[in-house]
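Residue numbers (the working numbering): -13 to 410.
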């Protein structure tokens, strides 16, 4: 198929879909579709609340090769579809495929013979062909690998990272037949300057995505466990890591909260499939358990430090700095900072939250928590916890926001060491 004949529909215009739509629109006609009507209105006005794309580029692209819509029918003229909807976990930490399967239901209504559907959403190995394909067949009336085809190319977007962007990260590709796999690979080669890796099957590509983040999760859980151990030994974990890091093959992982839509979620997708096949994944789930403990550990540490300094815990004013799941990014999905907040509140502390990156409206909607609207005041808090390493926090006068002898806990090890009572 010639470039001029290719028209791509992107389903889901979030952190993954929007940059993808903009980048593909430099080479092809693109229709970006999202069910969130408010999001669509904002994007049409050239505004991106995720702060992932240049808003001038967003506005310009829409006048040329990009159409943004919340009308499903606008996708019908496309011949390639890329699904980038969220795949979170539910309250039981099991895969929540509702967004993905809902997108398949919708897509089946506009699918035509000869079309190719590419999935980028994170799933467990086998999910694309076992769960998505049957829905596409049933709703479209088309036959898999005869009338329509499928590919899988896992997203590798790193929210907030302006250096490692979509184009500069190698893209794994795959397809439901060798011919389709090559077409999918060629399509992505058009936009990925770092190159592509053509996996031998869709299952391999799905598994590669699952283990990328599971590996990182396990490595972080190791240093988090070290932090728990060294705290009992009254050893500074950062000093230990700095010393160990002088060896050429020591891996530079840091302790901390592990949240977000990937690292803290993807391991459960892999564990789900393993358990379904009769294998209980011990290393993966033990790492998850350690990482899920860190919010409570930080809260307990702050409480102990306050007691040691003769502060009353009930009614103590505590400032939490940052609520997004990572630095320099407005994304609050699955942030584990809320674990610290809830634990401190359970102790009776009065918790305030300051985050210049987060949307107060979204934080309230998602977690029923209020954000400070202004920068904290001098000598207002008995304790402050730096939970997210936003660039503006590196030079923030945190110590001055606390009363004399107040506790500053640095969970990211970015503040002046002399100003903090403890750090991870």
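For glycine and all other residues, C-beta sits at the position ideal for the given N, C-alpha and C.
Exercise for the section: Closer than 6 Å by C-beta to residue 126: which residues in its own chain qualify, once you throw out the five before and the five after it? Chain order, please. Expected result: Taken in chain order, the residues that qualify are 94, 97.
Handout entry: Neighbourhood of residue 253 by C-beta, 6 Å cutoff - its chain only, sequence neighbours within 5 removed
Key = 200, 203, 270, 274
Exercise for the section: State the start and end residues of the unbroken beta strand (DSSP E) segment that holds residue 370. Expected result: Looking at the DSSP string, the run of the beta strand (DSSP E) that includes residue 370 is 367 to 372.
Problem - Where residue 85 falls: helix, strand or coil (DSSP) - result: helix
Problem - Integer-rounded CB distance, given that residue 189 should sit under 8 Å from residue 111 - result: 5 Å
Exercise for the section: Kindly indicate which three-state DSSP category residue 67 falls into: helix, strand or coil? Expected result: strand
Problem - Per-residue burial, residue 1 [other beta carbons within 10 Å of its own, 16 or more giving buried] - result: Burial is judged here by how many other beta carbons sit within 10 angstroms of a residue's own beta carbon; residue 1 has at least 16 and is buried.
Practice task
Compute the Euclidean distance between the alpha carbons of residue 289 and residue 261, then round it to the nearest angstrom.
Solution key: 38 Å
Handout entry: Sequence-distant residues of the same chain with beta carbon closer than 8 Å to residue 150, five excluded per side
Key = 144
Practice task
Pair every Cβ in the stretch 220 to 235 with every Cβ in the stretch 292 to 307, then say whether three or more of these pairs are closer than 8 Å.
Solution key: no
Problem - Nearest residue (CA-CA) to residue 14, options 173, 403, 337, 103 - result: 173
Exercise for the section: Report yes if the C-beta distance between residue 256 and residue 178 is below 8 Å; otherwise report no. Expected result: no
Exercise for the section: With DSSP as the reference, label residue 19 as helix, strand or coil. Expected result: strand
Practice task
Check whether the Cβ atoms of residue 73 and residue 82 sit closer than 8 Å, and answer yes or no.
Solution key: yes
Problem - Nonlocal neighbours in the same chain, by C-beta distance under 7 Å from residue 91, ignoring five residues either side - result: 121, 125
Exercise for the section: For residue 281, collect the residues of the same chain with a Cβ closer than 7 Å to its Cβ; drop the 5 residues on either side in sequence, then sort them by chain order. Expected result: 243, 322, 325, 326, 329
Handout entry: Rounded C-alpha distance that separates residue 301 from residue 338
Key = 12 Å
Handout entry: Contact set for residue 214: own chain, Cβ-Cβ below 7 Å, skip 5 residues either direction
Key = Once the five neighbours on either side are set aside, the close Cβ partners of residue 214 are 283.
Handout entry: When 400, 176, 180, 171 are compared against residue 186, the one with the closest alpha-carbon
Key = 171
Practice task
Label residue 27 either buried or exposed according to how many other C-beta atoms from any shown protein chain fall within 10 Å of its C-beta, with 16 as the threshold for buried.
Solution key: exposed
Problem - alpha helix (DSSP H) runs contained entirely in the stretch 182 to 243, provided each spans 4 or more residues - result: 188 to 219, 223 to 230
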